[in-house]
Structure formats: structure tokens, C-alpha cells
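Protein chains in written order, with the working numbering: chain A, 860 to 1146; chain B, 860 to 1146. Using N, Cα and C, we set each Cβ at its ideal position, and we do this for glycine too. Input: a single structure, listed below in C-alpha cells.
Here you go:
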């Protein structure tokens, strides 16, 4: 799985570089290129593996993997803004608004979202119907019913100063990080025109495990390894899976969710080995 | 033409209201609904008229008209932010960040962009290929090669404090306002699979005339009528078509561009009457 992940990282970076190369140049293009560097590329990996499980080749899936990483990069650039989570470090580098300005970060994020939808029109992906299914699903996952909805709820809770309970945090994270992970994990069936139900269940458990692992890293992680600030949530008195379940409880819940994600993959048999390995990687990572 | 414009305004508002109604509610949805109120709806009108010229019915064109207005609304919400143009008044109302917060304005703009692409997947528009042509064209027009590129250039020029010359401003505005106007004006041929060349030429002249009229209104306009602050550009020492050509020169250039836009419509004959009337409206408006 690590070899495949390395390969996906290189391929998706090359695909994103090609998309940036044709832009006019200047500060906006520089900031977009910068925001597209690094990262674990777990969402791209999900796209490539779910495509593989549904008989979709790497060449067809690659623009979709690039699109989901462009969409993810836009969300990070905007979330890091002073008016939002106010982060100065991301992927081991100064955030876009620190390196350039708030205006450039807003515009680069805007253009990265546009780029994501543009990438999904690529005819290498497949027929027009397949591409439209992806575009409709990405709009659903990333907009006011999905990712942006979750982020708005997160900001509202922080502003109100009333910590959320477990059900509320689970629902919020289902939007903020879960919806895009679900899109990535179901890209294969969406392209092939197959039923995405099994991968939906896998993605829901994986997304939650991923978020719990993030909360654990915010407590136990090392900034030099994670490449982003740690200890922020506890410092802000924000409710997290760790503050609500305790550290051992959060770790146990993450392990339980990995079992759930495994069970969802049952019908795929041995061919889903990489997705099973990914679930374990997600809760054992130190970055 | 005024009757048709009124009708388009009502229809596109109803279409946008339907798209907002299904959202989860809360501050984000409220801010999106607020940002979608009012406006001249010239871009929606361009979509409906260019559709009419290419045999595309109103029902098919309406989601496209709503999409272009959602995209336009996102760009206004983000452009008005303190980190960008810092405007407190828009369409006669406090801007979104003044009414709520910078965070809500960033997120509402983000979700309005997503909504625009989502609306273009609507199967009322036509076949899958037609919808993909629109999505690819909107991504091209609104991203890092079009609208956002123009806005980034505008901010960079303001930050540098070096006023642009006429060729630079014309190029900048071709991106900032021209690209989306061109998308709207060519939506009809894009849906029908026809050649958009004639409407491209019309839109380029119209877009420039529109921007010159905007610059004139910034000097001669009344805030109570325009619904946005006036005198900002002159106050900021910013180069505009008026500062470069003088008021009479700018008015003459706008009139000349209306003639150019008229000439581009020649082959459409009498059926392009509303588009001809629109060009005149664009330079004679007081709002």
C-alpha cells in the first residue's frame, strides 16, 4: 500500500502541475501551485483505489484524484485564513495568507475550487454522463450541504463558545471532512455507473476514524512531524473526540471504526487490501 | 426589453430561491439567500436571450441563468471583503461581511460558487454533452484564467500603487467582468452546440461598455440609486477608463462600443432586438 501511495502522490502531483502550467503566471498562479504541494494525498489514493475496484483504469481516475486534491487544497487555504481558523503553518510551510496576503489566499482558494470542477470535465475520465455524476456529487459533497456547511458550524460553535456534544461533533465532522472523503471513496462506482453503497459505508467509518486520529494528533503530535500547529483545540477549549472520550477512549473508538470500515469492504474480497491498509494507516499515522 | 428583463428577474429569483430552500438552514444559508437578492440580473438576461437566439427554450436556459447569477454573487461577496475591495454597501444593503462576519462571507461565497457548478448539472438544461460544455466554459471564464485572474491583477495594481494604462485596464477588465459576461452571452450556442463566435464579439464589446459605464457611474452616480459606494476609485487614485479618457472621452468610447456590439449581431437580424436594447441600457443605466 505504501508503494501504491507513493506512486499516486507522484502521479497526482504531475497532473496538478500540468493544470497549473497553463495558467497565466503571477502571484495568483504561484499561490495556487504552492497550495497544491505536499500533503498525504489520502483523498487521491481513495479515488484511485475505488476506481480500481470498479474496473476504472488509473488514466481515467487521475483527473478525478487531482480534482479532489485541488478541492481539498482550496478548503485548507480558506480555513487557515485569520478570519477562520487563523493558522500560520500547513504542511510544514507558512500558510498562503502568511506567505502572500489574505486577498491572495482568498483568490487562490477560489480559483482552486474552480480548477477542481474544471478538472472533472476532462474527457479522459469517461463518458459525459460519468463526468456529470462526479460533478454533481462533488457539488453536493463540498458545498452548503457538505464541507462548507460543516466548517460554518465549526466556526459558529467556536464563536458561541458552547462546546458541542458527541452527536453534534460527529454530525459536523461528517460534513467538514467526511463528505469529501465519501466523494473520493465513491468516485470509482460513480465513474463506472455502479452502486456506491458499500464504499459509502467504508468512507463514513474511515472519515470519522480520520477525524478522531486528527484530534489525537492535536494532543500527542509533534509539530515538526505533522507540519501544522498542535494543541490548538485544547488551548481554545474546543470540544473534540479526545476531550469528550478521553485519549484511551478516542483511540479505542478509532480502532472500532477501522473494524467497521473493514466489514464494509467484505464483498470486495482481497482486491480491497489497499483500502483496508489505508484505514490502519489513517489511525496509526504521526502526520 | 424592459418587460422581458422583469420577467427574467422574477424567474431567476424563483429558481435561486428553490436552490436555497433545500439547504440545511442556519447562518450560512441565510447569508447565501441574502447575497442572491436584487441586482440587475443582466447576466441572467444574456443567458436567456442567447438561448432564445439559438432555439433553446426558457425552461432549459433558466438553471444556467441561475448558475451565472450565483457565480456573480459569490464574486461580489468575496470582492467586498475587507481584505479585498472593502465595501460596506451592495445593492443598497450592508455587504455580507458587515451583516454577519468575514468568516461567514468567505464561506457563503465559497458555497455560492459550488452552487453555480451544481446548477449546471441540472438535466432540464439538455443532454450531458451540453451541460459539460457549459461547466467547462464556466470554469474557464471564472477561474485563474478569467474572473479571478482579473481580480488578482486589480488588487496587485492597487497594492503596488502604480496606475495601469489603457491597454492594461482593458485586459484586466476582460477577465474581471468580461469573462463572465462572455460566458453568459454564449450560453445559448453552448447549449445548442452551435458556433458562439458572433456572440463572443457582441459580449466583448458589451463587457467593455459595461465596465466603462461602471467607471462613469463611480464619478457621476448617486449612492441612493446605485446601491453601492461611489467615488471610491478616484479617492484611491486608481486608474479607470474615466481617469484615462476623461468623462466625455469615456462616454464616447462606450457609445462606440455599443455600435460594435450592434454590428456583431447583424446576422441575427430582428430577433436580436433585446440584445441590442441591452447594450443601450448598459451605458444609459443609473444603477
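- Out of A/920, A/949, A/922, A/923, the CA that lies nearest to the CA of residue 934 of chain A is found in A/949.
- Here the alpha carbons of residue 943 of chain B and residue 937 of chain B stand approximately 7 Å from one another.
- Contact annotation for residue 883 of chain B against chain A: 1004, 1008 [CB-CB distance below 7 Å, chain order].
- Per DSSP, residue 931 of chain A is one residue of the alpha helix (DSSP H) stretching across 917–938.
- By the Cβ-count criterion, residue 1048 of chain B is buried, with 16 or more other Cβ atoms from all chains shown falling within 10 Å of its own Cβ.
- DSSP, read as helix, strand or coil, puts residue 953 of chain A in strand.
- Taking the Cβ atoms as the reference, residue 978 of chain A lies roughly 6 Å from residue 878 of chain A, within the contact range of under 8 Å.
- Only residues of its own chain outside the window of five on either side were considered, and among them 906, 907, 910 have a CB closer than 6 Å to the CB of residue 920 of chain B, listed in chain order.
- With contact defined as three or more Cβ pairs closer than 8 Å, the region 888–897 of chain A and the region 956–973 of chain A are in contact.
- Nearest in C-alpha terms to residue 904 of chain A, of all of A/1020, A/1060, A/1142, A/1136, is A/1136.
- Distances from the alpha-carbon of residue 1074 of chain B to those of B/1005, B/873, B/1110 put B/1110 closest.
- Shown here for residue 930 of chain B: same chain residues with a beta carbon closer than 7 Å to its own, the five before and five after excluded, namely 972, 975, 997, 1001, 1039 in chain order.
- For residue 875 of chain B, the secondary structure class from DSSP, reduced to helix, strand or coil, is helix.
- Residue environment analysis places residue 867 of chain B among the buried positions, since at least 16 neighbouring C-beta atoms fall within 10 angstroms of its C-beta.
- For the region 897–919 of chain A, the set of residues with a beta-carbon nearer than 7 Å to any beta-carbon of chain B is empty.
- In this chain, the alpha helix (DSSP H) harbouring residue 1050 of chain B covers 1046–1051.
- Following the DSSP letters along the chain, one finds residue 1091 of chain A inside the alpha helix (DSSP H) bounded by residues 1091–1094.
- Less than 9 Å divides the Cβ of residue 927 of chain A from the Cβ of residue 1046 of chain A.
- Identification of chain A residues near residue 990 of chain B by a Cβ-Cβ cut-off of 7 Å yields 991, ordered along the chain.
- Residue 1077 of chain A and residue 1018 of chain A have their C-alpha atoms spaced approximately 20 Å apart.
- Listed in chain order, the non-local C-beta contacts of residue 1054 of chain A below 7 Å within the same chain comprise 1048, local neighbours out to five positions each way being set aside.
- Going by beta carbons, residue 902 of chain B and residue 864 of chain B fall outside the 9 Å limit.
- For residue 979 of chain A, the secondary structure class from DSSP, reduced to helix, strand or coil, is coil.
- Bounds of any alpha helix (DSSP H) do not take in residue 1022 of chain B, whose DSSP letter is neither H nor E.
- Beta bridge pairing from DSSP links residue 948 of chain B with B/953.
- The Cβ atoms of residue 1036 of chain A and residue 1070 of chain A lie closer than 9 Å to each other.
- Using a CB distance below 7 Å, no part of the region 1032–1044 of chain A faces chain B.
- For residue 991 of chain B, the enclosing alpha helix (DSSP H) has its first and last residue at 987–1001.
- Taking a beta-carbon distance threshold of 9 Å, residue 947 of chain A does not count as an interface residue toward chain B.
- The beta carbon of residue 1051 of chain B lies closer than 7 Å to those of 913, 914, 915 in the same chain, with the five residues before and after it left out.
- DSSP, read as helix, strand or coil, puts residue 1110 of chain B in helix.
- Boundaries of the alpha helix (DSSP H) harbouring residue 911 of chain A: 901–912, taken from the DSSP string.
- With a contact defined as Cβ atoms closer than 8 Å, residue 953 of chain A and residue 947 of chain A qualify at about 6 Å.
- In terms of Cα proximity to residue 1007 of chain A, the closest of B/966, B/894, B/925 is B/966.
- From the listed residues B/1058, B/1026, B/1065, the smallest Cα separation to residue 1098 of chain B is found for B/1026.
- Neighbours of residue 886 of chain A in chain B, taken as residues at a C-beta separation under 7 Å, are given in chain order as 1011, 1015.
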